[in-house]
Structure formats: C-alpha cells, structure tokens
Amino acid sequence: MVVAEFSRLGMSKEYIKNVLEKFDDHLNIDHNNRIIFSGRFGIGKSYFLNKFFEDESYKQKYFPIFLNPINYSIASNEDIFELLKFDILFQILSKDVIKFENLKFSKGNLLHQYFSNKFLEDFVSTTDLIGENIMEEQTSGSFGLLKNLGKLIGKISEVSVKDFENFKDQIQKNPELQAINEFLEQQQNKLGSFYENNTITQLIYDLIKNIENITTKKTVLIIDDLDRIDPEHIFRILNVFSAHVREEENKFGIEKVVLVCDLKNIKNIYHHFYGEHVDFFGYINKFYSIEPYEYSNKDYALKFKSEYYSEKYIDWENIRLLGFLFSDAIAKNFITARQLFNMDFSKKSVTDYYENFFRDRSIAVFEGARVSNFNEHRETYALLATTIYYFGSSTNFSKYVNQADFEVLLFEFEKSFVDIFSFLDFKQPKNDNNIYKTNYDFNYRFDSMGIELIPNSREIKKSDIKKVLLDAIKQYDNIIFN
C-alpha cells in the first residue's frame, strides 16, 4: 500500500491519506480496468481526483489523462467520439513524455501509407470540428504541445514507402485478400464504429504504449462530469467504450478508464430516455469491471469521533462538540473535500484555534454598548469562533444548522448547549432562584450553580436547538472587542 505525502497539511493528512489509499486499493484490484467513480453533485469528485493524481506517491504510479466532455456540448452525437480522441491526443502531446526517436507505428494494415497521406488532413479537419474555444483552451501557452506535434509529423514522414509497396503488391496479386482488405479498411475507417481503427485511433494506441514503455506507469483515462452532458452524448460515450473491450483491453490500449458521475443521475437519465421499466442494472454493469466506486465525504469523517474523544481532551466538552460538528458536516458535504485538503482539521490544530479564541475577553462591545466581565462566556465565544472559521463563514455554518439533525446534541453536550443559551442571554440581569422566560419553548432558572433549563434540557425540541444556535451565530457576528 502506498502512503501519500501530505507534509504541508500537518496532522490532517491522516484523514486524507486513508481516503487516497482506499481509492488506490480499488484501482489496483486485479482486472479492474473500467471504473465508475460515483458521488453526488458538488461533493468534490473532480477536486479529489486531481489531488490524487497530483500527489507525489501516486504520480509515480499513474499517467492520468483528464477529459471533460462538457466542452463538447455544442457538437453532434456523431462528433463526440472524435472530439474525445483529439482531446486525448492534445493532452498526450502537451506532456513532454514521448521519445519520438524511439516511436514505432503498428504494422500490417496499410497504416503507414494512411499516416503518410492522411494524417494532416484528418488532424486539420477534426481541429475545425473541435472549435476555436476548445483549441484555445488546450493550446494556450503550450509551446510543448506545438513542439511535440512537429516532432510527431516529422516521424510520420519518415515511414518507409518501400515496406508499404511490398505489402500492397502481395494483396493486389490475390483477389481474395484484396476483397478482405477492402472490407476491413471500410469498417476501420467508420468513425466510432465497433471496428473503428482510423488514423488517430491507431496513433493514440501507439502513443499510449510508448508512454507505458517509457514511464512504466499505468495510463488512466478520466472522463469527468459524464452526467452533466446531453443524454445522447452520455450513452454514446458509454457504448463506445464498452464496445471496444477485447480480451479486457480498453479502447486505445489505455490500462484503466474512470467514468466520473453521479450514478443515481445516470439511472434517472436512462429511465427518462429509454423508459421507466427498462432494466438499468443490466445496461450499466458492463461499464465497470468489479463494482462502482462510491465516493463519499463520510470516508473523511470516520476518524473524527475517535480522535476528538480520546486522551488529553476527553473532559473538554467543547472540543468533543467541535469534533461532532465537523464530522457530521463533512459527512453531509457542508465541509467539502477542497476545505479538507487545504485546512488542518486535526484535533491539535482545532484546539490551537480554540485556545487562541479563548484568550482574555474581559470587555466586549455589543450593539454599541460595553459588556463587562464577558470572560464568563469566552468558552462559548471560542466554540462559535472556531466553528465559523472552519466552516468558512457564519452563513455556511447557519446553512448547516438549518439542515442538521441535533438529536444527539443534548444527550452528549448538554453543558455546551446550556452555555450557548447563557451566551445569548448575557445582557439579562439575573437573581438566584428566579425563573426567566425565553423566546423559545422552554424557560430557565438561575442560581449560584448556574442555569437550569425548564423543562429538562433533554426534553427540549430539536427546533429550539436550531433556533438557539442560529441566534447565537447572529449574536456572535455583532460582538467586537476593544
């Protein structure tokens, strides 16, 4: 098992490392050459895959080729596969990997002459098909692509005409062989057909094998956002890649093909397109080798509770509450993979931020008035400040609170909740044993031991828990310190 390197992320690398290793293990299952990478929209699938293949450990194992068919949305269904091929070719030529002096083209099917006479014609015509916007995106600032394209054309021009002429003479002298050749040539030049093997297709195959020989890496084709394109294009791409599997070899000889989508969306689109009673499982299972890979932020959340409830901070309830909130928010995608990769969510880092916010808060200003002795509420202030920092904003935290289920909150974090309510009511003068009304469906009694909620806090409605938290967020936003 490869261990990913995340030195810049400190302790949070532990959360991320496990998820990367899980995907790497899936990629390396024997005969797992076609993978559906499924996860709901907005969960960070593309971001995760980019980070996975950028990581130094996995960069040594894989040669990724990323395609985004959403760029081809203006193309006709017949053009889609051609655009995919040229997108692959552009990406290969953009990376300075190919050793052109050692490049050998496949022999035996008139390919040499076809390269010599037809390559530029095919290349230019399909370049027109791609359109100016995609060309600009692929070639912008890429001198390497143009340089490698020149080398490739130069290599093609070196093909021996004599070898081809000898082969052609043998075919033409035998009418049966000539008839067979004409049929095969006709099928191979049908764009996107089952037997399609035209110039660019064979060229990509040769380049892929050249890359694998030079780098010893596994080539991986990632087709992103599959469920965000026209339905006809979705099923065109799926059918082309499934139909070209021969003896477990993918199209173009690429070792692994990863289709990125929300499989539930594909299922809905399929039934809308073909009918509610048409068997989706029987259709989709030929597009993956083993089983779909379900990407979920829950994988990041697995370690949170065990770490935040352990050792040094077991009696510090607010730290455990932060662990609960972050774990729950990550699992529900309110904290994204992008945030996890770029912020340190380890208990040590979170506790450091909490302690920084917990420093002396003697005098606060709220709604233009000075509030003395605010220190008794600094635990709650630090809790809110730390939470909002990691959520990115008060708005993001409020969105999470509105949709979260806080049934567990009062059972495990009763003291923290009481303190949050007390923070809301810090301007209210209090006398021992008095019962005070609130804007919620509960009241409270104050005495020398603190606040007691009435009814018992465990009987408070979940709707009131949300109201208290949302009001506390608003109040936090209006507090400043001198």
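The numbering of the sequence shown is my numbering, which starts it at 281 and goes up by one.
All C-beta atoms in this analysis are idealised placements derived from N, C-alpha and C, irrespective of residue type, glycine included.
Every value quoted in this text rests on a predicted model; they were computed, and no experiment measured them.
Open item on the list: Please report the distance separating the alpha-carbon of Thr-718 from that of Ser-743.
Closed with: Numbered from its first residue, the sequence shown carries residue 718 at position 438. Numbered from its first residue, the sequence shown carries residue 743 at position 463. Taking the straight line joining both Cα atoms gives about 14 Å.
Task: Sub-8 Å separation of Ser-702 and His-657 beta-carbons - done: One-based indexing of the sequence shown puts residue 702 at position 422. One-based indexing of the sequence shown puts residue 657 at position 377. Contact flag set, yes.
Open item on the list: With three or more beta-carbon pairs closer than 8 Å as the criterion, would you say the segment 593 to 613 touches the segment 658 to 675?
Closed with: The segment 658 to 675 and the segment 593 to 613 touch, with three or more beta-carbon pairs separated by less than 8 Å.
Task: Supposed contact pair Ile-760 and Phe-671 - C-beta distance, whole angstroms, cut 8 Å - done: Here residue 671 refers to the residue found at position 391 when the sequence shown is read from its first residue. Here residue 760 refers to the residue found at position 480 when the sequence shown is read from its first residue. With 8 Å as the limit, Phe-671 and Ile-760 do not qualify as a contact, their Cβ atoms being about 20 Å apart.
TODO: Please say whether Ala-644 and Phe-654 have beta carbons closer to each other than 8 Å?
DONE: Counted from its first residue, the sequence shown places residue 654 at position 374. Counted from its first residue, the sequence shown places residue 644 at position 364. Contact: yes.
Task: Three-way DSSP call (helix, strand, coil) for Val-282 in this model - done: As a working mapping, residue 282 is identified with position 2 in the sequence shown. Residue placement at Val-282 is flagged as unreliable, the pLDDT there being 36, under the threshold of 50; a coordinate-derived value is accordingly withheld.
Task: Spatially closest choice to Lys-497 from Asn-308, Ile-564, Lys-297, Val-651, by CA coordinates - done: The residue labelled residue 497 in the question sits at position 217 within the sequence shown. When only C-alpha atoms are compared, the closest one is Asn-308.
Task: Delimiting residues of the beta strand (DSSP E) encompassing Ser-314 - done: Sequence index remark: in the sequence shown, residue 314 carries index 34 (1-based). According to the sequence as given, residue 314 is Arg; it is not Ser. Per DSSP, Arg-314 is one residue of the beta strand (DSSP E) stretching across 314 to 318.
- [ ] Return the CA-CA distance between Ile-484 and Ser-607, expressed in angstroms with no decimal places.
- [x] Locating residue 484 in the sequence shown gives position 204, where the first residue counts as 1. Locating residue 607 in the sequence shown gives position 327, where the first residue counts as 1. Rounded to the nearest angstrom, the two C-alpha atoms are 44 Å apart.
- [ ] Could you name the residues of the same chain whose beta carbon sits closer than 8 Å to that of Tyr-573, not counting the 5 residues immediately before and after it, in chain order?
- [x] Residue mapping note: residue 573 aligns to position 293 of the sequence shown, counting from 1. Contacts found: Phe-303, His-306, Ile-315, Ile-316, Phe-317, Ser-318.
Task: Nearest residue (CA-CA) to Asn-758, options Tyr-716, Ile-731, Asn-490, Leu-704 - done: In the sequence shown, counting from the first residue as 1, residue 758 sits at position 478. Scanning Tyr-716, Ile-731, Asn-490, Leu-704 for the CA closest to the CA of Asn-758 turns up Leu-704.
Open item on the list: Assess contact between the segment 484 to 495 and the segment 366 to 375, defined as three or more Cβ pairs (one per stretch) separated by less than 8 Å. Is contact present?
Closed with: With contact defined as three or more Cβ pairs closer than 8 Å, the segment 484 to 495 and the segment 366 to 375 are in contact.
Open item on the list: Buried or exposed, going by whether 16 or more other CB atoms sit within 10 Å of the CB of Phe-691?
Closed with: Counting from 1 along the sequence shown, the entry for residue 691 is found at position 411. So Phe-691 counts as exposed.
- [ ] Tell me where the alpha helix (DSSP H) around Val-698 begins and ends.
- [x] For the purposes of this step, residue 698 is taken as the residue at position 418 of the sequence shown. Secondary structure note for Val-698: its alpha helix (DSSP H) is the uninterrupted segment 694 to 704.
Open item on the list: If you measure between the beta carbons of Ile-480 and Val-377, is that distance less than 8 Å?
Closed with: Start at 1 with the first residue of the sequence shown, and residue 480 comes out as number 200. Start at 1 with the first residue of the sequence shown, and residue 377 comes out as number 97. At a Cβ-Cβ threshold of 8 Å, Ile-480 and Val-377 do not count as neighbours.
- [ ] Verify whether the separation of the beta carbon atoms of Phe-686 and Ile-610 is less than 8 Å.
- [x] For the purposes of this step, residue 686 is taken as residue 406 along the sequence shown, with counting starting at 1. For the purposes of this step, residue 610 is taken as residue 330 along the sequence shown, with counting starting at 1. Contact flag unset, no.
Open item on the list: Taking only three categories from DSSP, how would you classify Arg-508?
Closed with: The residue given as residue 508 occupies position 228 in the sequence shown. Per DSSP, reduced to three states, the secondary structure at Arg-508 is helical.
Open item on the list: Going by the DSSP bridge assignment, what does Leu-733 pair with across the sheet?
Closed with: Residue mapping note: residue 733 aligns to position 453 of the sequence shown, counting from 1. According to DSSP, residue pairing for Leu-733 in a beta bridge involves Tyr-724.
Task: Per-residue DSSP class, three states only, for Lys-618 - done: For the purposes of this step, residue 618 is taken as residue 338 along the sequence shown, with counting starting at 1. For clarity, residue 618 is Arg in the given sequence; the question names Lys instead. Arg-618 falls in the helix class under three-state DSSP.
- [ ] Pick helix, strand or coil for Asn-714, following the three-state DSSP scheme.
- [x] The residue given as residue 714 occupies position 434 in the sequence shown. Strand.
Open item on the list: Could you check whether Val-540 and Asp-579 sit closer than 8 Å to each other, using their CB atoms as the reference points?
Closed with: As a first step, residue 579 must be located in the sequence shown, where it is residue number 299. As a first step, residue 540 must be located in the sequence shown, where it is residue number 260. By the CB criterion at 8 Å, Asp-579 and Val-540 fall outside the cutoff.
Task: Under 8 Å between C-beta atoms of Pro-511 and Phe-560 - done: To locate residue 511, count along the sequence shown from 1; it is residue 231. To locate residue 560, count along the sequence shown from 1; it is residue 280. Contact flag unset, no.
TODO: Please name the residue, chosen from Gly-562, Phe-333, Phe-722, that lies closest to Lys-741 on a Cα-to-Cα basis.
DONE: The residue labelled residue 741 in the question sits at position 461 within the sequence shown. Scanning Gly-562, Phe-333, Phe-722 for the CA closest to the CA of Lys-741 turns up Phe-722.
- [ ] Would you please state the rounded distance, in angstroms, between the beta carbons of Arg-618 and Tyr-327? I believe it to be under 8 Å.
- [x] By 1-based counting over the sequence shown, the position of residue 618 is 338. By 1-based counting over the sequence shown, the position of residue 327 is 47. Cβ-Cβ separation between Arg-618 and Tyr-327: approximately 5 Å, consistent with a contact (criterion under 8 Å).
- [ ] Identify whether Ile-753 lies in helix, strand or coil by the three-state DSSP scheme.
- [x] For the purposes of this step, residue 753 is identified with residue 473 of the sequence shown, where counting begins at 1. DSSP places Ile-753 in helix when its eight states are reduced to three.
Task: Sequence-distant residues of its chain with Cβ nearer than 8 Å to Phe-677 (five each side left out) - done: As a working note, residue 677 is residue 397 in the sequence shown. Cβ neighbours of Phe-677 beyond the five flanking positions: Thr-667, Ile-668, Phe-671, Ile-753.
- [ ] Taking all protein chains shown into account, decide if Arg-516 is buried (16 or more other Cβ within 10 angstroms of its Cβ) or exposed.
- [x] Within the sequence shown, numbered from 1, the residue matching residue 516 stands at position 236. Buried is the call here.
Task: Inter-residue Cα distance where the pair is Ile-502 and Val-748 - done: Numbered from 1 along the sequence shown, position 222 holds the residue referred to as residue 502. Numbered from 1 along the sequence shown, position 468 holds the residue referred to as residue 748. When rounded, the distance between both Cα atoms is 46 Å.
TODO: Could you name the residues of the same chain whose beta carbon sits closer than 6 Å to that of Ile-546, not counting the 5 residues immediately before and after it, in chain order?
DONE: Working through the sequence shown from its first residue, we reach residue 546 at position 266. Counting only residues of its own chain and dropping the five nearest sequence neighbours on each side, Ile-546 has a CB closer than 6 Å to the CB of Asp-507.
Open item on the list: Taking the beta carbon of Ala-649 as the centre, do at least 16 other beta carbons fall within 10 Å, making it buried, or is it exposed?
Closed with: Translated into the one-based positions of the sequence shown, residue 649 becomes position 369. When all chains shown are included, Ala-649 counts as exposed.
Task: Cβ distance (whole Å) where Asn-577 is taken to contact Asn-548 below 8 Å - done: Locating residue 577 in the sequence shown gives position 297, where the first residue counts as 1. Locating residue 548 in the sequence shown gives position 268, where the first residue counts as 1. The beta-carbon distance between Asn-577 and Asn-548, rounded to whole angstroms, is 22 Å. This is too long to meet the 8 Å contact definition.
Task: Spatial distance of Phe-567 from Ser-673 (CA atoms) - done: Within the sequence shown, numbered from 1, the residue matching residue 567 stands at position 287. Within the sequence shown, numbered from 1, the residue matching residue 673 stands at position 393. Pairing Phe-567 with Ser-673, the inter-Cα distance amounts to about 41 Å.
Task: Endpoints, beta strand (DSSP E) assigned at Val-630 - done: For the purposes of this step, residue 630 is taken as the residue at position 350 of the sequence shown. First-last for Val-630: 627 to 637, but that is the alpha helix (DSSP H), not the beta strand (DSSP E).
TODO: From the DSSP output, read off the bridge partner residues of Val-538.
DONE: Numbered from its first residue, the sequence shown carries residue 538 at position 258. Ile-315, Ile-502, per the DSSP bridge assignment.
Task: Asn-565 vs Glu-659 beta-carbon contact at 8 Å - done: By 1-based counting over the sequence shown, the position of residue 565 is 285. By 1-based counting over the sequence shown, the position of residue 659 is 379. In this structure, Glu-659 does not lie closer than 8 Å to Asn-565 by Cβ.
- [ ] With DSSP collapsed to three states, give me the class of Val-377.
- [x] Residue mapping note: residue 377 aligns to position 97 of the sequence shown, counting from 1. Under the three-state reduction of DSSP output, Val-377 falls in the coil class, being neither helix nor strand.
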